[in-house]
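Residue numbers (the working numbering), protein chains in the order written: chain A, 1 to 81; chain B, 82 to 564.
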């Protein structure tokens with residue numbers, strides 16, 4: 001049997017045709033896709049900070065924060081004794 | 082020159098010693114050989130994953146690309162891989178670790194049981210990875226020739242011989258421990274080089290400003306490169322969750338949670354290394370060598386100009402480590418595609434354990450020898466060729482793997498159609514037979530998803546037993562909290 005989440009809610013928040021993905025992990029996925037898409041917006045390619053296009057800084061931020069965010073979500077969802 | 086060569090020789094001898102030590106344990110056991118007994122801990126797996134991903138391109142290529150194409154374009158290319166790891170840890174690591182087999186082919190052949198799956202997936206792996214190995218060998222040959230003054234062909238042969246020996250006799254245990262050594266070496270050299278430059282020439286931000294003032298193209302993102310950088314980003318973001326040498330690390334992890342953590346810790350270290358190379362070393366190189374004919378020589382030129390022979394030896398060893406840590410994992414994945422995926426079930430029914438061990442060792446030697454032969458006269462534009470190979474893998478495997486794990490309606494018809502449509506449409510886009518004005522990988526992933534959707538909605542549903550088995554892979558540990 002699939003275990004319910006700790007708050008008693010069913011583990012799935014998505015359509016029934018998909019296997020359940022914890023809400024936090026689903027939000028991380030959404031955030032990563034949205035951040036990557038936003039970084040490619042044309043206005044962000046023209047702005048420069050310290051001589052480097054904002055697009056470059058956003059990509060650098062994505063490289064640091066995407067694993068950090070995912071680790072934070074895993075840490076929050078770790079099995080409890 | 083003798084100091085540099087001594088450092089490199091010591092490093093190569095250490096790799097072979099690890100292979101010999103590991104061979105005592107692995108040659109008689111399939112579990113030990115392919116997945117290191119499934120007991121690799123988080124810290125060791127973190128370094129091994131980082132080293133497997135960080136190829137010659139992550140040291141020589143990243144600085145060369147920043148120098149010639151600018152920092153934003155470079156980061157777009159490498160950020161794709163970094164995003165791929167959180168995707169892998171969320172979507173793939175837990176269910177695949179619970180599946181508990183050896184390769185991505187094992188999962189796809191189980192989920193979509195068809196001779197087409199069993200045949201096409203390993204063939205795609207061998208084709209794509211052989212091109213990847215050749216590109217890595219070329220980087221090793223160039224680095225050794227440039228800094229050690231060893232002829233390209235000799236450097237190629239020595240490096241290839243060393244990693245074939247330790248991979249073929251030591252399997253995943255040797256690959257893991259050499260990767261740990263190699264990972265520490267390359268991260269240490271990049272960080273120490275950046276700090277030494279900072280000590281001598283001031284803060285990286287000042288150098289970055291000075292370099293972008295002198296060469297504004299270093300910080301700009303050319304609009305015409307948007308299509309290609311989006312394509313590279315997509316290729317690597319979707320390849321990482323399914324690429325065999327990373328998936329094997331999931332199978333070798335102690336448990337699902339350890340696999341998830343090590344994927345993300347590895348990416349933190351990898352990101353740090355790339356960002357230091359791009360923001361701290363490349364601008365210094367741009368200021369010191371504004372007109373390099375071959376941008377990939379930038380790191381070597383900086384080290385040659387600024388550091389002692391001992392440090393130059395470490396730098397060459399770090400480049401060789403980057404090359405070999407990726408190449409050994411690729412070679413093991415190729416070897417498993419042949420000895421386990423293609424011939425495994427046939428052999429296990431007919432051959433003794435000793436014969437199976439010989440096939441495992443022999444397949445590593447055959448793939449390594451073929452790659453070496455090809456690397457003696459590598460095709461031009463090799464880096465594009467191997468990126469196309471990785472694109473082919475991700476076009477063919479990403480949708481079937483993710484849908485096969487997560488979509489309840491995914492079925493045999495959809496899985497096989499998705500695999501063939503993804504790989505086929507990508508190949509057609511590359512050859513120019515299809516041109517929709519979008520990156521080939523975007524077209525191929527779309528075609529693959531449509532094929533999966535059509536098969537899943539129109540084809541017959543999978544059997545109850547198979548669906549129950551897939552559901553079992555998604556069960557959460559008792560007590561796991563909501564994230």
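Built from N, CA and C at the ideal position, the CB exists for glycine as well.
Since we're looking at a predicted model, the values are computed, not measured.
> Thinking C-alpha only, which one of 268(B), 90(B) and 88(B) is nearest residue 355(B)?
Replying inline: 268(B)
> CB residue 264(B) to CB residue 103(B), shorter than 8 angstroms?
Replying inline: no
>> Quick check on the burial criterion: 16 or more other C-beta atoms within 10 angstroms. Buried or exposed for residue 84(B)?
In response: exposed
> To which residues of the same chain is residue 275(B) closer than 6 angstroms at the C-beta, ignoring the five residues directly before and after it?
Replying inline: 357, 361 and 362
>> Beta carbons nearer than 7 angstroms to chain B: which residues of the segment 24-56 of chain A have them?
In response: 24, 25, 28, 29, 32, 36, 40, 45, 48, 50, 51, 52, 53, 55 and 56
> By Cβ distance below 7 angstroms, which residues in the same chain neighbour residue 73(A) in space, the five residues on each side in sequence not counted?
Replying inline: 24, 25 and 28
> Should residue 2(A) be flagged as near chain B, meaning a C-beta pair shorter than 8 angstroms?
Replying inline: Residue placement at residue 2(A) cannot be trusted, given a pLDDT of 41 that sits under 50; what the coordinates show is reported in the next sentence. True, the Cβ-Cβ gap to chain B drops below 8 angstroms.
>> Please identify the residue among 272(B), 86(B) and 439(B) whose C-alpha is closest to the C-alpha of residue 353(B).
In response: 272(B)
> In chain A, what lies closer than 9 angstroms to residue 166(B) by C-beta?
Replying inline: 66, 67 and 70
>> On the DSSP letters alone, give me the boundaries of the alpha helix (DSSP H) that residue 265(B) sits inside.
In response: 233-282
>> Using the three-state DSSP reduction, which class does residue 491(B) fall into: helix, strand or coil?
In response: coil
>> To be precise: take each residue of the segment 285-302 of chain B, compare its Cβ to all Cβ atoms of chain A, and keep it if any distance is under 8 angstroms. Which residues remain?
In response: 286, 289, 290, 292, 293, 294, 297, 299, 300, 301 and 302
> Just checking my contact of residue 169(B) with residue 327(B) at CB under 8 angstroms: how many whole Å lie between their CB atoms?
Replying inline: 7 angstroms
> Cα separation between residue 191(B) and residue 159(B)?
Replying inline: 32 angstroms
>> Can you check which of these residues, 222(B), 256(B) and 224(B), is closest to residue 116(B) by C-alpha distance?
In response: 256(B)
> Is the beta carbon of residue 218(B) sitting closer than 8 angstroms to the one on residue 202(B)?
Replying inline: no
>> Looking at the strands, I want to know which residues DSSP matches up with residue 18(A).
In response: 488(B)
> Is it right to say residue 42(A) is buried, meaning 16 or more other beta carbons lie within 10 angstroms of its own, or is it exposed?
Replying inline: exposed
> Bridge partners of residue 52(A), per DSSP?
Replying inline: 49(A)
> Does residue 140(B) come within less than 8 angstroms of chain A when only Cβ atoms are used?
Replying inline: no
>> Within 8 angstroms of any Cβ in chain E, is that where the Cβ of residue 441(B) sits?
In response: Of the protein chains in this structure, namely A and B, none is chain E.
>> Taking beta-carbon pairs under 8 angstroms, can you tell me which members of the segment 481-492 of chain B lie near chain A?
In response: 486, 487, 488, 489 and 490
>> Assuming the contact rule is C-beta atoms closer than 8 angstroms, residue 123(B) and residue 343(B) should be a hit. Round their C-beta distance to whole Å, please.
In response: 5 angstroms
> In this structure, what does DSSP give as the bridge partners for residue 362(B)?
Replying inline: Beta-bridge pairing links residue 362(B) to no other residue.
> Shorter than 8 angstroms from the beta carbon of residue 352(B) to some beta carbon of chain A?
Replying inline: yes
> How many angstroms separate the CA atom of residue 242(B) from the CA atom of residue 472(B)?
Replying inline: 28 angstroms
>> For residue 377(B), which residues in the same chain have their Cβ closer than 6 angstroms to its Cβ, ignoring the five residues on either side in sequence?
In response: 141 and 145
> Given residue 468(B), which residues of its chain have a CB within under 8 angstroms of its CB, disregarding the five upstream and five downstream residues?
Replying inline: 313 and 316
>> I need the DSSP call for residue 545(B), collapsed to helix, strand or coil.
In response: helix
> Whose C-alpha, out of 502(B), 215(B), 423(B) and 300(B), is nearest the C-alpha of residue 234(B)?
Replying inline: 215(B)
> What is the C-beta distance between residue 554(B) and residue 176(B), in whole angstroms, given that I count them as a contact (C-beta under 8 angstroms)?
Replying inline: 4 angstroms
> For residue 529(B), which residues from the same chain have a beta carbon less than 6 angstroms from its beta carbon, with the 5 sequence-adjacent residues on both sides left out?
Replying inline: 480, 499, 502 and 503
> So with Cβ pairs under 8 angstroms, would you call residue 126(B) a contact of chain A?
Replying inline: no
> For the candidate residues 367(B), 449(B), 421(B) and 459(B), whose alpha-carbon lies nearest to that of residue 249(B)?
Replying inline: 449(B)
> For residue 393(B), does the count of other Cβ atoms within 10 angstroms reach 16, so buried, or fall short, so exposed?
Replying inline: buried
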